[in-house]
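Colleague: The sequence shown lines up with residues 59 to 263 when you count with this note's numbering. Glycine included, every Cβ here is placed at the ideal spot set by N, Cα and C.
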Amino acid sequence: MVVPRAIKKLIDNFEKLPGIGPKTAARLTFYLLHVPQKQLDEFAEAIGGLKKNTVLCSICFNVSETDPCPICADQNRDKSIICVVAQPLDVLAIEKAGNFKGVYHVLHGLINPLENIGPDELRINELIHRIKNSAVPIKELILATNPTMEGEATAMYIANEVRKIQNPKSKIQITRLGQGLPTGGDLEYADEMTLSKALEGRREY
Ligand SMILES: [Zn+2]
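1. One question on the structure: do residue 147 and residue 246 come within less than 8 Å of each other, judged by their Cβ atoms?
2. Between which residues of its own chain and residue 78 is the CB-CB distance below 6 Å, once the five residues before and five after are set aside?
3. Can residue 263 and residue 217 be called in contact, C-beta distance under 8 Å?
4. Can you tell me whether residue 127 sits near ligand 1, meaning its C-beta is under 7 Å from at least one heavy atom of the ligand?
5. Pop quiz: residue 212 and residue 168 are said to be a contact at Cβ under 8 Å. What is the actual Cβ separation, rounded to whole angstroms?
6. Helix, strand or coil for residue 122? Go by DSSP, reduced to three states.
7. Indicate, with yes or no, if ligand 1 has a heavy atom lying under 7 Å from the CB of residue 141.
8. Can you tell which of 75, 90, 194 and 175 has the C-alpha that lies nearest to the C-alpha of residue 64?
9. Would you say residue 139 and residue 160 are within 8 Å of each other, going by their C-beta atoms?
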């Protein structure tokens, strides 16, 4: 069967997405053939606007419609507690758990030598700069990276970098999420209760 080019093109694009193999890509594409044109146009517009209509917050590097983002701009958030996460999705997960009143710093990845991702590819320099220049002295840094090899390596690297700039008079407490998160697991998939407990039970790192 000769597949029309428009179909082949969409299948190819779906296949580039994480977790989507050739079969699923084909299934989604043929499903969309039955969807009304108006809905397809909305879908295309949503994809087109995804990056155009969002910015990275210049303070925490979370994705947002505004800079600074609503969390950084919120007067009621405790700016002396920074929770360091790998991805914007982790911010969503922790916000859903609902008991964190500090602010975030999004790294946009984890150190992964196999994929050539080193500290300079992440927002670690920006974090150190932020800590050094913060108007409110930073009291606590929560390293909320996943309990995977990459997450641990990243937490260890950041802890070392922060200790280098530590001032004995205003010591920053470095903590790691507590028990309950499965080792090797993904923060993003943890349920709200587990995440909430892990935050409460965070320990000195
Ligand atoms: Zn922000």
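Modeller: This is what the structure gives:
1. yes
2. 72
3. yes
4. yes
5. 5 Å
6. If DSSP states are grouped into helix, strand and coil, residue 122 belongs with the strands.
7. no
8. 90
9. yes
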